[in-house]
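For reference, the structure discussed in these notes is given below.
In my numbering, the protein residues as written are 2 to 306.
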């Protein structure tokens, strides 16, 4: 196999973590001509994560194996990320992708997008790729609107469809030290929610700008600006999400917000004891819940073996 077809691999396998995210804000600014929407949003990665193992194979194929069988196919964003890199460079290196899925599916937590970004970052290090940061950003954006954010993760202000990413100061309010995530057992149609969004729920980005400014100044954002422009429509369209929101408030949570287009809700807590109390209450009611915290990915999240 020629050099143009063969990756320069520094080890047999590579492990990488793919972190979930929550939206502190989500302002819907306008509808674009292509049917998508222009957004302004503040996002933060959290320590709930998938784990991906990439292994070199000799058969020149991409193999996708996931702990959720329905995702064990080449339409998976992780597999598409590998194939995109191979096509860009004309390489035929075979890869087996093993995905241990912990981030709930279609939940508003960015799991698929994070998997794709994690694969791009892992391949860059594992295969010693010649891509620049702008190359990776371009590939990420072609895979999905949220994928560019996950190339850096942490805390960021995102614009456009989400692909224009401005990192923010690494400040996280003590009042939000612990995040309780609640995933109602329903699916939300993101496209339907956006299509039905009334003009009164569009904003000029004020909420996202205010939260970004506060966090960059190392101060807590005003609670009234922790705003999701899709939340009202989702609560009206999906009663199960509205009930779950009320149940979370009943635990003593001061704030309950929708992440992305949902259906996942999150409630921040300053103290672990309060977060655990709410976690146990929600579990006893039969909800799928996760206790998490904000995190900033590091190069150590890619491990070569």
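All C-beta atoms, glycine included, are put in the ideal place defined by N, C-alpha and C.
Quick caveat, the model's predicted, so the values are computed rather than measured.
Pairwise C-alpha distance: residue j and residue i
i	j	result
residue 1	residue 173	There is no way to answer for residue 1, as the model of the chain reaches only from 2 to 306.
residue 196	residue 29	12 Å
residue 123	residue 150	16 Å
residue 19	residue 51	5 Å
residue 182	residue 115	17 Å
residue 46	residue 296	6 Å
residue 4	residue 285	At residue 4, the pLDDT of 40 sits below 50, so the modelled position is not reliable and the matter cannot be decided from this model.
residue 218	residue 94	47 Å
residue 291	residue 280	8 Å
residue 158	residue 91	35 Å
residue 2	residue 129	Low confidence applies here, because residue 2 scores a pLDDT of 35, under 50, leaving its location unreliable; read the following figure in that light. Distance between the alpha carbons of residue 2 and residue 129 is about 18 Å.
residue 100	residue 194	29 Å
residue 221	residue 269	13 Å
residue 131	residue 148	20 Å
residue 287	residue 13	42 Å
Closest by C-alpha distance to residue i, when choosing among the options
i	options	result
residue 72	89, 87, 59, 105	105
residue 200	220, 176, 171, 231	231
residue 212	65, 223, 202, 204	223
residue 67	26, 60, 59, 76	76
residue 31	205, 169, 243, 188	205
residue 175	235, 184, 271	271
residue 25	256, 282, 298, 15	256
residue 254	300, 228, 277, 60	277
residue 251	214, 300, 282	282
residue 305	89, 37, 126	126
residue 233	202, 23, 102	202
residue 207	164, 160, 241, 168	160
Residue i vs residue j beta-carbon contact at 8 Å
i	j	result
residue 265	residue 117	no
residue 209	residue 41	yes
residue 49	residue 275	no
residue 86	residue 63	no
residue 98	residue 80	yes
residue 186	residue 39	no
residue 307	residue 83	With the chain running from 2 to 306 in the structure shown, residue 307 is simply not present.
residue 137	residue 156	no
residue 243	residue 249	no
residue 259	residue 229	yes
residue 55	residue 145	no
residue 37	residue 238	no
residue 17	residue 302	yes
DSSP state of residue i mapped onto helix, strand, coil
i	result
residue 327	Outside the displayed span of the chain (2 to 306) sits residue 327, for which this structure offers no information.
residue 144	helix
residue 5	For residue 5, the predicted structure reports a pLDDT of 44, less than 50, and the residue's modelled location is therefore unreliable. The matter cannot be settled from this model.
residue 65	strand
residue 127	helix
residue 282	helix
residue 19	strand
residue 52	strand
residue 1	Since the first residue of the chain shown is 2 and the last is 306, residue 1 is not available in this structure.
residue 86	helix
residue 289	strand
residue 269	strand
residue 150	helix
residue 295	strand
residue 189	coil
residue 264	coil
residue 113	helix
residue 198	coil
residue 93	coil
Distance between beta carbons of residue j and residue i, contact taken as under 8 Å
i	j	result
residue 307	residue 191	Because residue 307 is not part of the residues shown, which for the chain are 2 to 306, the question remains open.
residue 112	residue 21	6 Å
residue 141	residue 216	That belief does not hold up - the Cβ atoms of residue 141 and residue 216 are roughly 23 Å apart, past 8 Å.
Proximity test, residue i beta-carbon vs the ligand GDP heavy atom, cut-off 7 Å
i	result
residue 219	The ligand GDP is not part of the structure shown, which contains no ligands of any sort.
Below-8 Å beta-carbon distance, residue i vs any chain B residue
i	result
residue 35	Protein chains in the displayed structure number just one, and chain B is not present.
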